[in-house]
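Chains as they are written, first to last, in the working numbering: chain Z, 64 to 385; chain R, 64 to 385; chain B, 64 to 385.
C-beta atoms are modelled at their ideal positions from N, C-alpha and C, and glycine is treated no differently.
Laid out in C-alpha cells, this is it:
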C-alpha cells in the first residue's frame, strides 16, 4: 500500500486511508468529512438509526488506555453503520503476558479486521500501528498521549461550522491547559486549515507551551482580554492530576482566574457559542450557568461526534459516495 | 414531555413511558406487560429467536453497580428485539473523573440513545435520570438500592400467573430478609395490584420492617405457621453481608429456622410452587432437594424474565401492538 | 439427549454435538470440521464477511478464566455467523456471590442459550457443564486447565494440512513445555487421528511427562537431534510462571538449549513450517528472525483459527451442510 510518507494517512490518490492526526490533513479531505457527517446527522435522527455502509465489516476498538466515553462513541457509530464491533481493553490482557503491542496488533489483523480504533497513552502509537498493518486495514486514532485526538477536533469544527457557517470571519478563543491538551492541538490544526483567521489561547503561563506562537495563535494571560469579541469560546478539561501538581495551585484558584462564568462570557460577542470536550469539572473550568445556558453547545458536540465518527469510518473504508 | 407527576412513568394517555417502580403501576398496564411477555415466550422458543421490534434503536445498559446476571438478561432481551446494545459499567469510568451522574447521562442521551436500562446503588437514581432525559428516551429501572427491581417483580407475577392462572384465590408466602429486599417490595406491590387476597411475610423479627403491615400483608415469625396451605412459596436471597452482620447469627442458624426443606414445604398446598430470584444460597435459604424438585419454578422464572424484559422494552418504545 | 457415554461429544448418529476434546474425536468428524473451515476461509476474505448460519442464535462466551485473545476469536467467529453474542467474565460475577458453576450455567441455559463457549481453569469443567445442559445447548471447550484446547489443536492441523496437504508422510516436532501444555496434548491427538506417522516431542526432562511415550510419540532432549529432517516445527508458549518455578532455570537458559533460531531451524527440512499458538515470548521459545521469517505460519494460524471456530459452531448447531 503506497501511503504518502510525509502524510501516511493519505493514499496515492490523496484519499483518507487512516485518520491519525489533523496536522497535515488537507482542507478538502477535512471538508469531505464534515459534509459526510452532515448527512449522518440526518440518519441519527431517524426512527431506524442504521445504514448498511459497514455491513459485514469488523471494527476493533483497541483501547490500551481506558476511556468508556470515547469507546462508546465509536462503538455506537460503528453499530449504526451495521459493522460488527469487538471491544478490546488491552491493558487487562495480552500485553500483561509480555507480548508487544505490534504482536498484539498483528494478531488481531490476522483475524481479518477491517478497522482499528486505537487509543494509547503513548504519542505516535497509532502511527506505528498504521505502519505495520496490511493495506486492507484502516487505523483511526482515538487519542494518543498528549499528541492528537482528531475526531474530537473534527467534531469541534463541525459544531462551529454548524452554528457559525463561515470560518473566514471567526475569532476563536481556547481556554485552559493548552500544554497538556491534545484537544487544543487538534482544534488549532483544524481551524487553521479551514481558514479561521484569529485563534487565541488563554491560560496561565505554566500551562501554555512556549513555542505555541509558531502555530499562528495569539497568547493571552488575562481571560477577559482574551475573550473580548470572540465568536467561539472553547473551554478545555482541566486534568485532575494537573490540579494536584506544581503547575497549578488548585481548581478553585484556576476557576477564579480562568473559569468561564456568565460575567466572563459577557465580554465575548453576544451570540458567541461555548464548547467543552467533556467530562466537565463544573466550578473549575466552567460555571454551571454557562454549561447549561443558552450559549452552550456542549451536548450538540456529543451528538455531532457520533456523526463525525460515522463519517470518518465510512470514508476510510472507501464506502462513502458523497 | 408531560408525565403524571404522581406517577412519572406514565404519559398523559396513561401509557407506560418509563418503568421505574411497580408501586403505583396500574393493573391494566401490568396486565398489558404480562400479556405481551406471553407472546415473547413463543419467540424465545423459535429457531430464530429474533423480532425486529427495536431495529435501529440504541439501548444503553448503564450499570453504576455491577450485576452480570441482570445485565445479561437485558442485553439478550434487547438483542432478540434487534436493538443495538451498549454496555456501560460506569463505576469504572467517567464518574471516577469527577463527573456527576446527570452529566454522564446527559452525555449518553446526546448520543441519540433510545433507552437507558439503569442499575444504581442509590434508591431513586432511575427516577432522577428519568426526570432529566428528553421525551425520546425511556428509562427502565434494573434495581435501585433497596427500593425496587420492577422487572423482577413482574417476572415473579408472570411465573405465578403461568402456573396458577387466577390471582384472586391465591395465598402467597414471602420468606426471608424482607427488610433489605427490593424483590419482596416489588412482589408485594405487584401481587396486591393484581388482586391477590392474602400475602404473608415470614422471617425473623430483625429482618421484617416494622411498618410492613401497612402494605396489607400478614407477618409470621414461625415458618411452618406461615407456610400453612399457601399456593406460592417465594424465597428471597439472603445477602452474605447480612449473615456476617449483627442482624443474623449465621447462615446455618437461618437455615435451621427459615430454610425451605421438603419437610417445611409439606405444610404448603400439595401443588404449591417455589420461587427464588437467584443466585441461590443452597443450604441457607433453600435445600437442594426443593430447589431442584418438582415444585421448583426457579429456572422457568429466568426464562420468563427474558420475555418480560422484551415486553417492557417494546411497550415503552411504543412498538408493541398487542 | 442420547450422547455416547464413552465420547459424550457425539450424538447417536455419530455427529458432533459438543466439542470437548480431540481425544477420541473420530477422523471423519475431524475432517468434516477441516473441510467446513476451508469454505469459511473464503467467507472471511469476502467484502461482506458474514453468513446467516447462526442468525437468531444466542452464543454465550462463558469465561471463568480471562483470555481476551481466545474470547475475541470466538466472538468474531460467532458474529460472522450472524449470532447474537453475550460475553460473560464469570470470575468477576455470580460465583463471587457463592453460586456454584452448575447453578450459574443452568441459569444462563434458562435464557434460551444455544451455545456455550467455556473456558475454565479446571480440567473437565466443560464436560461437567455439557453433562448438565439440555439437548438444545451445545458446549465448546475453549480451554480447560492443562487438559484440552481443541479448537487450537484443530487450527494447528488445519494449518499443517493447508501447507503440507498429506499427513501420512509427515514428521512433526513439538518443542517446549510438553508437561503443562494443553496445546501439545491437543496436537498429538489430532495428528495421530489424521494419520501422521512420526511425532516427536522435544524439551528438558523436567517438562516432558513421564508417560508421554504411551501416546506413540518419540522423546528428544536434544533440540537439533529432534528437529532433524522434520516437516513441521511446532513451538509452544513457555508460561512465565514456569520460568520462575523450580522446573526451569530461566527464560534465557531455555532459549540457549531450546529456542528456535535460524541456525536450529536449518537442521529441519528446507520447506519446514514453524507454528506457535501465541502469544510469543520472543527470545525465549523463538527468535524474532524465525517468528517473522518466511517459514513462519504463525499469523496464518490466527486467520485459520477464525474459520475453524466458525466451522465448529456451524456443525454443532446442525446448520452445516457440507
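Strictly below 7 Å CB to CB, what residues from chain B border residue i?
i: residue 173 (chain Z); result: 362, 365 and 366
i: residue 357 (chain R); result: Near residue 357 (chain R) there are no residues of chain B at all, since even the closest Cβ is about 16 Å away, more than 7 Å.
Along chain B, which residues have their Cβ under 8 Å away from the Cβ of residue i?
i: residue 169 (chain Z); result: 362
i: residue 377 (chain Z); result: None at all; the shortest Cβ gap to chain B is about 14 Å.
Using DSSP bridges, identify the partner residues of residue i.
i: residue 261 (chain R); result: R:234
i: residue 211 (chain Z); result: Z:207
i: residue 345 (chain Z); result: Z:349
i: residue 384 (chain B); result: DSSP lists no partner for residue 384 (chain B).
i: residue 73 (chain B); result: B:79
i: residue 202 (chain R); result: R:179
i: residue 388 (chain B); result: Past the edges of chain B, shown from 64 to 385, lies residue 388 (chain B), and the structure says nothing about it.
i: residue 281 (chain B); result: B:263
i: residue 124 (chain Z); result: Z:150 and Z:180
i: residue 298 (chain R); result: R:238
i: residue 165 (chain B); result: Its beta-bridge partners do not exist; DSSP assigns none.
i: residue 117 (chain B); result: Note: residue 117 (chain B) sits in no beta bridge, so no partner.
i: residue 66 (chain Z); result: Z:74
Using a Cβ cut-off of 8 Å, pull out every chain Z residue sitting near residue i, in sequence order please.
i: residue 138 (chain B); result: 149
Can you find a CB in chain B that lies within less than 8 Å of the CB of residue i?
i: residue 122 (chain R); result: no
Just the chain D side, please: which residues come within less than 8 Å of residue i by C-beta, in chain order?
i: residue 369 (chain R); result: The question asks about chain D, but that chain is absent: this structure's protein chains are Z, R and B.
Could you tell me which chain R residues have their CB closer than 7 Å to the CB of residue i, listed as they occur along the chain?
i: residue 111 (chain Z); result: 118 and 119
i: residue 107 (chain Z); result: 175
Under 7 Å from any heavy atom of the ligand NAP, does the C-beta of residue i make it?
i: residue 93 (chain Z); result: Ligands are entirely absent from the displayed structure, and the ligand NAP is therefore not among its contents.
Kindly list, in the order they appear in chain B, the residues whose Cβ is closer than 9 Å to that of residue i.
i: residue 214 (chain R); result: The premise fails here: residue 214 (chain R) is roughly 14 Å from chain B at the closest Cβ pair, so nothing lies under 9 Å.
Assuming residue i and residue j are in contact, meaning their beta carbons sit under 8 Å apart, how far apart are those beta carbons, in whole angstroms?
i: residue 167 (chain R); j: residue 238 (chain R); result: Between residue 238 (chain R) and residue 167 (chain R) the Cβ distance is about 38 Å, and since that is not below 8 Å, they are no contact.
i: residue 219 (chain B); j: residue 95 (chain B); result: Contact flag wrong, Cβ pair sits at about 17 Å.
i: residue 144 (chain B); j: residue 116 (chain B); result: 5 Å
i: residue 189 (chain R); j: residue 202 (chain R); result: 6 Å
i: residue 211 (chain Z); j: residue 85 (chain Z); result: 7 Å
i: residue 135 (chain R); j: residue 149 (chain B); result: 6 Å
i: residue 91 (chain Z); j: residue 380 (chain Z); result: At roughly 19 Å, the Cβ-Cβ gap does not stay under 8 Å, so residue 91 (chain Z) and residue 380 (chain Z) are not in contact.
i: residue 280 (chain Z); j: residue 262 (chain Z); result: 5 Å
i: residue 292 (chain B); j: residue 332 (chain B); result: 6 Å
i: residue 372 (chain R); j: residue 340 (chain R); result: Contact flag wrong, Cβ pair sits at about 14 Å.
i: residue 123 (chain Z); j: residue 179 (chain Z); result: 5 Å
Would you verify that the beta carbon of residue i is, or is not, closer than 8 Å to some beta carbon of chain Z?
i: residue 298 (chain B); result: no
i: residue 135 (chain B); result: yes
i: residue 380 (chain R); result: no
Which chain Z residues are close to residue i, counting only those with a beta carbon under 7 Å from its beta carbon?
i: residue 142 (chain B); result: 147
Alpha helix (DSSP H) runs contained entirely in the stretch 314-342 of chain R, provided each spans 4 or more residues: 314-321 and 325-328
At 3 residues or longer, and completely inside the stretch 127-158 of chain R: list those beta strand (DSSP E) runs for me, N to C. 147-152
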